[in-house]
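Undergrad: Once you know that position 61 of the sequence shown is 60 in numbering that gives the first Met the number 0, the rest is easy, because the numbers rise by one and skip nothing.
Supplied in structure tokens, the structure appears directly below.
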Amino acid sequence: MLVCHFMVDKDELEGKAKKIKGKIREGAGKITGDDEEELHGKMEQVEGGIQEKVGQVKKKVKKAIK
């Protein structure tokens with residue numbers, strides 16, 4: 000029986016998703032010429048990156064405590 004010990008934090012997953020969503024939003028802004036939408040997409044990517052890092056740190060802390 001194969002057991003997977005791959006641990007992913009909720010914040011890490013949500014951050015990755017937010018980065019992808021932001022990239023799509025940025026691209027849509029570029030295509031449509033909507034500078035505000037492009038900026039919101041870039042901001043969303045930054046937010047996602049921060050959230051992803053928070054999840055990674057939480058995971059490392061949990062691992063260190065064990």
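For each residue, glycine too, the CB sits at the ideal point set by N, CA and C.
Please list, in chain order, all residues of the same chain as R24 whose beta carbon is under 7 Å from its beta carbon, the five residues on each side excluded.
TA: So the qualifying residues of the chain are E36, H39, G40 and E43.
Undergrad: How about G47 and G26: are their beta carbons less than 8 Å apart?
TA: No, the pair does not count as a contact, with Cβ atoms beyond the cut-off.
Undergrad: Please state whether the Cβ-Cβ distance between D10 and V60 is less than 8 Å.
TA: Cβ distance not < 8 Å, so D10 and V60 don't count as in contact.
Undergrad: What is the C-beta distance between K20 and E51, in whole angstroms, given that I count them as a contact (C-beta under 8 Å)?
TA: Not a contact, Cβ separation roughly 13 Å.
Undergrad: In angstroms, rounded to a whole number, what distance separates the CA positions of K29 and A16?
TA: K29 and A16: Cα-Cα distance of roughly 20 Å.
Undergrad: For the alpha helix (DSSP H) containing G21, name the first residue and the last one.
TA: It spans K9 to T31 - the alpha helix (DSSP H) in which G21 sits, taken as one unbroken run.
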